[in-house]
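Visitor: If you scroll down you'll find the structure; I have some questions about it.
Protein chains: 2
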Amino acid sequence: MGEQNVKVLGNWGSPFSRRVEMALKLKGIPYDYQEEEPYGNKSPELLKSNPVYKKIPVLIHNGKPIAESQVILEYIDQVWDGYSILPTDPYQRSLARFWAKFIDDKAMPSLWNAMWAKEDEQEKTLKEAKENLEMLEKEIEGKKFFGGENIGFVDIVANFIGFWLGTIQQVLGKEILTKETYPHLSNWAEEYVNCDIIKQNVPPKERLFTLFKLRHEAGF
Amino acid sequence: MGEQNVKVLGNWGSPFSRRVEMALKLKGIPYDYQEEEPYGNKSPELLKSNPVYKKIPVLIHNGKPIAESQVILEYIDQVWDGYSILPTDPYQRSLARFWAKFIDDKAMPSLWNAMWAKEDEQEKTLKEAKENLEMLEKEIEGKKFFGGENIGFVDIVANFIGFWLGTIQQVLGKEILTKETYPHLSNWAEEYVNCDIIKQNVPPKERLFTLFKLRHEAGF
Numbered sequence: 001m002g003e004q005n006v007k008v009l010g011n012w013g014s015p016f017s018r019r020v021e022m023a024l025k026l027k028g029i030p031y032d033y034q035e036e037e038p039y040g041n042k043s044p045e046l047l048k049s050n051p052v053y054k055k056i057p058v059l060i061h062n063g064k065p066i067a068e069s070q071v072i073l074e075y076i077d078q079v080w081d082g083y084s085i086l087p088t089d090p091y092q093r094s095l096a097r098f099w100a101k102f103i104d105d106k107a108m109p110s111l112w113n114a115m116w117a118k119e120d121e122q123e124k125t126l127k128e129a130k131e132n133l134e135m136l137e138k139e140i141e142g143k144k145f146f147g148g149e150n151i152g153f154v155d156i157v158a159n160f161i162g163f164w165l166g167t168i169q170q171v172l173g174k175e176i177l178t179k180e181t182y183p184h185l186s187n188w189a190e191e192y193v194n195c196d197i198i199k200q201n202v203p204p205k206e207r208l209f210t211l212f213k214l215r216h217e218a219g220f
Numbered sequence: 001m002g003e004q005n006v007k008v009l010g011n012w013g014s015p016f017s018r019r020v021e022m023a024l025k026l027k028g029i030p031y032d033y034q035e036e037e038p039y040g041n042k043s044p045e046l047l048k049s050n051p052v053y054k055k056i057p058v059l060i061h062n063g064k065p066i067a068e069s070q071v072i073l074e075y076i077d078q079v080w081d082g083y084s085i086l087p088t089d090p091y092q093r094s095l096a097r098f099w100a101k102f103i104d105d106k107a108m109p110s111l112w113n114a115m116w117a118k119e120d121e122q123e124k125t126l127k128e129a130k131e132n133l134e135m136l137e138k139e140i141e142g143k144k145f146f147g148g149e150n151i152g153f154v155d156i157v158a159n160f161i162g163f164w165l166g167t168i169q170q171v172l173g174k175e176i177l178t179k180e181t182y183p184h185l186s187n188w189a190e191e192y193v194n195c196d197i198i199k200q201n202v203p204p205k206e207r208l209f210t211l212f213k214l215r216h217e218a219g220f
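Note that the protein sequences, when read in sequence, are chains U and Z.
According to the UniProt record's numbering, the stretch in the first sequence is residues 1 to 220, in order.
According to the UniProt record's numbering, the stretch in the second sequence is residues 1 to 220, in order.
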């Protein structure tokens, strides 16, 4: 057993589950991985370790399960030394938490809705998504990453915007985030996916493309 | 200025804003307070210090603003010694964050919806609220507070359930949380509002009653 008994219950295509893997890789912590089917049967281990939501990701550390990706990231950062995910300064730390929460509560859902909106919801959802991207554009301006010189908490949480969104845009032929519309955020996304640790921890592009294409064709 | 220049932008009736005051009081930190009208004109200070949401509560510490009540609680706990709001053990800390998030994402909205639901939404909203209370009932069983022997992060975040809910139940003549339905949670609520620090930091009952009564009569 020992201190390094670490397991992730995840799904290859989930940005939430990839956040956990990114954090573990940044810390250099080896882990076991168990693939879970998001819409199919859930493993007994998943049901037991996240009885409230029955959802991935779950981190199991020495038999103790933790759910909710941001909660897991905070845990990883506290438990393992080395690479700092959250800033140590309390004020900077609170700003990181604020923006991470903004991404989960506002930016991600609005972008998702805008991308998959039916005709009559198009305008409203797009307006909201753009307002949220505008906020992030201001926040990233003048910085390499949200975390400063290095990938931090907000960058990990923003992985959907840095990688998934681009693939969805390609599948649907819609463009929200481009070099023209949000140049700083767009540069960030480019830097982001070119970081080794990120590049190795996003889903294979082709496979994600196919997943979203099937979803699109099925009329979701 | 100095280290203790602390100001809260809040609203007397808001459980979110009261969370911040509870935490400061538990830490013994004196602060200035500025009342904000939630539905009326927002002060220039609020607009400037929370440009993303333009909402209370905001904590301003030595001129630096922080928004979002849970983010503020984490900040207060890191910056000031003394009373521990979050557990220091990383696993217990992650559980506290999990339940606090559950309360904000699930329990509070579902209780609010169940209480104010129109006839046709009654059954569905009530079912959801009960499922969430069931989870909290299991979590609090065998403990005095969510934080153990003392008020902690989850107890502060759960202030709506500990105090506000009872008043809304009285106004509407609906009962969800009672000694019969959720005995452990109900005992917790009783212990909770009898703690000095909590008792002094919830809104005056009569005033809150009147607020919700007006809301009810206005047909919201």
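Even for Gly, the Cβ is constructed at its ideal location relative to N, Cα and C.
#1: Please classify R93 of chain Z as buried or exposed, where buried requires at least 16 other C-beta atoms within 10 Å of its C-beta.
#2: Determine the burial state of residue 266 of chain Z: buried for a count of at least 16 other Cβ atoms within 10 Å of its Cβ, exposed for fewer.
#3: When Cβ atoms are compared, which residues of the UniProt domain "GST N-terminal" (4-84) of chain U fall closer than 7 Å to chain Z?
#4: Assuming contact is defined by CB atoms lying nearer than 8 Å, are S110 of chain Z and E123 of chain Z in contact in what I supplied?
#5: Taking all protein chains shown into account, do 16 or more other C-beta atoms lie within 10 angstroms of the C-beta of K199 of chain Z, making it buried, or fewer, making it exposed?
#6: To which residues of the same chain is S17 of chain Z closer than 6 Å at the C-beta, ignoring the five residues directly before and after it?
#7: Using a 10 Å radius around the Cβ and a threshold of 16 neighbouring Cβ atoms, would you call R207 of chain Z buried or exposed?
#8: Which complete beta strand (DSSP E) runs does the segment 20-85 of chain Z hold, if anything under 3 residues is left out?
#9: Name the residue from U:P90, U:A189 and U:P44 whose alpha carbon lies nearest to the alpha carbon of N62 of chain Z.
#10: Leaving out five residues on either side along the sequence, give the residues of the same chain with a beta carbon under 8 Å from the beta carbon of T125 of chain U.
#11: Using the rule of at least 16 other Cβ atoms within 10 Å of the residue's Cβ for burial, across every protein chain shown, is A218 of chain Z buried or exposed?
#12: Would you please verify whether the beta carbon of M108 of chain U is less than 8 Å from any beta carbon of chain Z?
#13: Could you pull the start and end residues of the alpha helix (DSSP H) that K199 of chain Z belongs to?
#14: Secondary structure at M1 of chain Z, three-state DSSP: helix, strand or coil?
#15: Whose C-beta lies closer than 8 Å to the C-beta of E141 of chain U among residues of the same chain, with five residues either side of it excluded?
#16: For K101 of chain U and chain Z, any beta-carbon pair shorter than 8 Å?
#17: Who are K7 of chain U's beta bridge partners in DSSP?
#18: Measuring only from the beta carbon, is S69 of chain Z closer than 7 Å to any heavy atom that is part of the ligand ZN?
#19: With DSSP collapsed to three states, give me the class of F145 of chain U.
#20: If you count every other CB in all the chains shown that lies within 10 Å of the CB of D120 of chain Z, and 16 or more means buried, which is it?
#21: With a cut-off of 8 Å, does the C-beta of Y182 of chain U fall near any C-beta of chain Z?
#22: Can you grab the Cα-Cα spacing for the pair G166 of chain Z / A23 of chain Z, in whole Å?
#23: In this structure, does DSSP put N150 of chain Z in helix, strand or coil?
#24: Mapping the DSSP letters down to three states, classify V202 of chain U as helix, strand or coil.
#25: Would you decide whether G162 of chain U is buried or exposed? Buried here means 16 or more other CB atoms lie within 10 Å of its CB.
#26: Which residues of chain Z have a Cβ atom closer than 9 Å to the Cβ of F98 of chain U, listed in chain order?
#27: Mind checking if P90 of chain U is an interface residue toward chain Z, Cβ cutoff 8 Å exclusive?
#28: Would you report the Cα separation of S69 of chain U and R19 of chain U, rounded to the nearest angstrom?
#29: Going by C-alpha to C-alpha distance, which of Z:V157, Z:Y192, Z:E191 and Z:S186 sits closest to V71 of chain Z?
#30: What three-state label does DSSP hand G219 of chain Z in the structure shown?
Guide: Quick answer:
#1: For the purposes of this step, residue 93 of chain Z is taken as residue 93 along the second sequence, with counting starting at 1. By the neighbour-count rule (16 or more Cβ atoms within 10 Å), R93 of chain Z is buried.
#2: In the structure as shown, chain Z begins at 1 and stops at 220. Residue 266 of chain Z is therefore absent and cannot be evaluated.
#3: Answer set for the UniProt domain "GST N-terminal" (4-84) of chain U: V52, K64, I66, A67, E68, V71, E74, Y75, Q78 and V79.
#4: Here the question's residue 110 of chain Z lines up with position 110 in the second sequence. Here the question's residue 123 of chain Z lines up with position 123 in the second sequence. Their beta carbons are not under 8 Å apart, which means S110 of chain Z does not touch E123 of chain Z by this criterion.
#5: In the second sequence, counting from the first residue as 1, residue 199 of chain Z sits at position 199. Flag for K199 of chain Z reads exposed.
#6: Mapped onto the second sequence, residue 17 of chain Z falls at position 17. Sequence-distant Cβ neighbours of S17 of chain Z in its own chain, meaning closer than 6 Å and more than five residues away, are G10, N11, I56 and P57.
#7: Within the second sequence, residue 207 of chain Z is the residue found at index 207, counting from 1. If you draw a 10 Å sphere on the C-beta of R207 of chain Z, you find fewer than 16 other C-beta atoms in it, and that means exposed.
#8: Under the rule that a run must span 3 or more residues, the beta strand (DSSP E) segments found entirely inside the segment 20-85 of chain Z read 32-35, 58-61 and 64-67.
#9: Along the second sequence, read from residue 1 onward, the residue named residue 62 of chain Z stands at position 62. Of the candidates U:P90, U:A189 and U:P44, the residue whose Cα lies closest to the Cα of N62 of chain Z is U:P90.
#10: Walking along the first sequence from the start, residue 125 of chain U turns up at place 125. Setting aside the 5 residues that flank it on each side, T125 of chain U is surrounded in the same chain by S110, N113, A114 and A117, each with a C-beta closer than 8 Å to its C-beta; the list follows chain order.
#11: As a first step, residue 218 of chain Z must be located in the second sequence, where it is residue number 218. Flag for A218 of chain Z reads exposed.
#12: What you label residue 108 of chain U is simply residue 108 of the first sequence in a count that begins at 1. False, the Cβ-Cβ gap to chain Z never drops below 8 Å.
#13: Stepping through the second sequence from its first residue, residue 199 of chain Z is reached at position 199. Counting along the chain, the alpha helix (DSSP H) containing K199 of chain Z begins and ends at D196 to K199.
#14: Taking the second sequence and counting its residues from 1, one reaches residue 1 of chain Z at position 1. Because M1 of chain Z sits at a pLDDT of 39, beneath the cut-off of 50, its placement in the model cannot be relied upon, and the point is left open.
#15: For this step, residue 141 of chain U is matched to residue 141 along the first sequence. Cβ neighbours of E141 of chain U beyond the five flanking positions: H184.
#16: Your numbering for residue 101 of chain U matches position 101 in the first sequence. It does; some Cβ of chain Z falls within 8 Å.
#17: Mapped onto the first sequence, residue 7 of chain U falls at position 7. Per DSSP, U:D32 and U:I60.
#18: The ligand ZN is absent from the structure shown, which contains no ligand whatsoever.
#19: The sequence position of residue 145 of chain U within the first sequence is 145, counting from 1. Strand at F145 of chain U.
#20: To locate residue 120 of chain Z, count along the second sequence from 1; it is residue 120. The residue in question, D120 of chain Z, is exposed, as its Cβ has fewer than 16 Cβ neighbours within 10 Å.
#21: The residue you call residue 182 of chain U lines up with position 182 of the first sequence. For Y182 of chain U, not one C-beta of chain Z is nearer than 8 Å to its own C-beta.
#22: Translated into positions along the second sequence, residue 166 of chain Z becomes position 166. Translated into positions along the second sequence, residue 23 of chain Z becomes position 23. Rounded to the nearest whole angstrom, the C-alpha separation of G166 of chain Z and A23 of chain Z is 22 Å.
#23: Start at 1 with the first residue of the second sequence, and residue 150 of chain Z comes out as number 150. If DSSP states are grouped into helix, strand and coil, N150 of chain Z belongs with coil.
#24: As a working mapping, residue 202 of chain U is identified with position 202 in the first sequence. Three-state result, V202 of chain U: coil.
#25: Here residue 162 of chain U refers to the residue found at position 162 when the first sequence is read from its first residue. Taking all protein chains shown into account, G162 of chain U has 16 or more neighbouring C-beta atoms within 10 Å of its C-beta and is therefore buried.
#26: Numbered from 1 along the first sequence, position 98 holds the residue referred to as residue 98 of chain U. What F98 of chain U touches in chain Z: V52, I66, A67, E68 and V71.
#27: Locating residue 90 of chain U in the first sequence gives position 90, where the first residue counts as 1. Output row for P90 of chain U: interface = yes.
#28: As a first step, residue 69 of chain U must be located in the first sequence, where it is residue number 69. As a first step, residue 19 of chain U must be located in the first sequence, where it is residue number 19. One alpha carbon belongs to S69 of chain U, the other to R19 of chain U, and they sit about 7 Å apart.
#29: Here residue 71 of chain Z refers to the residue found at position 71 of the second sequence. It is Z:V157 whose Cα lies nearest to the Cα of V71 of chain Z.
#30: For this step, residue 219 of chain Z is matched to residue 219 along the second sequence. Coil at G219 of chain Z, not helix or strand.
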